[in-house]
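Student:
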Amino acid sequence: ALSGSTWRADTPELLMSLHLTLIGVGLGLTIAPIGTVVINAVEATRRGVASALVLIMRYLGMTIAIPSMTTYAFSRLNYLVSLARESFARDWAAEEIQRQSVRVYFESGVMVIAEMLLIGVVIGLLALLPALWLRNHQPTSKPAQDEV
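Position in the sequence shown (first residue = 1) + 477 = our numbering.
(1) For Thr-507, tell me which candidate among Glu-520, Ala-570, Arg-535, Thr-488 has the shortest Cα-Cα distance.
(2) With burial defined as no fewer than 16 other Cβ atoms inside 10 Å of the residue's Cβ, what is the status of Ser-585: buried or exposed?
(3) Is it buried or exposed for Ile-516, if we count other Cβ within 10 angstroms and need 16 for buried?
(4) Taking the beta carbon of Val-581 as the centre, do at least 16 other beta carbons fall within 10 Å, making it buried, or is it exposed?
(5) If you follow the alpha helix (DSSP H) that Ala-550 is in, where does it begin and where does it stop?
(6) Note down the Cα distance separating Gly-504 from Gln-575, rounded to an integer number of angstroms.
(7) Just how far apart, CA to CA, sit Leu-495 and Asp-568?
(8) Using a Cβ-Cβ cut-off of 6 Å (strictly less than) and excluding sequence neighbours within five positions of Val-531, which residues of its own chain qualify?
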């Protein structure tokens, strides 16, 4: 996600796509093992409940994260655009105002996306704290042979 902080208005879309693909694959390959560790950390008779809780927590995280980040993005974009528009000259022609507005929205959008990716990195690093605790936590029971 730190690669997104290097994006600028002239960054090729192919490079952005490669960055996002790498992030998506990395995240996808991370979710299943984390869920497995959590589920294996409980007694065998409670693994169904643990599995349901893992799923509920994922959905809860998405339910909170998506609207929160969307609200942040729109608020931040509007703020940046309003700041930039204050510097527009009063005597500009309509075409110049439109051209400058498009530029400001584009540059502000790139900045907001980079900020959101950075926020994601910070949240991901904070999520490592409970993961480190789980790493040192031994399962309360071993899986039965038919579960393996």
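Where is the CB? At the ideal position from N, CA and C, for every residue including glycine.
Remember, it's a predicted structure, so these values are computed and weren't measured experimentally.
Tutor: For this structure:
(1) Taking the first residue of the sequence shown as position 1, residue 507 is located at position 30. If we check each option's Cα against that of Thr-507, Arg-535 comes out closest.
(2) What you label residue 585 is simply residue 108 of the sequence shown in a count that begins at 1. So Ser-585 ends up on the buried side.
(3) As a first step, residue 516 must be located in the sequence shown, where it is residue number 39. By the neighbour-count rule (16 or more Cβ atoms within 10 Å), Ile-516 is buried.
(4) Walking along the sequence shown from the start, residue 581 turns up at place 104. By the neighbour-count rule (16 or more Cβ atoms within 10 Å), Val-581 is buried.
(5) As a position in the sequence shown, residue 550 is number 73, starting the count at 1. Here the alpha helix (DSSP H) through Ala-550 covers 524 to 562.
(6) Position 27 of the sequence shown holds residue 504. Position 98 of the sequence shown holds residue 575. For the sequence presented, residue 504 should be read as Leu rather than Gly. Cα-Cα distance, rounded: 39 Å.
(7) Within the sequence shown, the letter at position 18 stands for residue 495. Within the sequence shown, the letter at position 91 stands for residue 568. Straight through space, the alpha carbons of Asp-568 and Leu-495 are spaced by roughly 43 Å.
(8) Within the sequence shown, numbered from 1, the residue matching residue 531 stands at position 54. Excluding sequence neighbours, Val-531 sits near Gly-512, Val-515.
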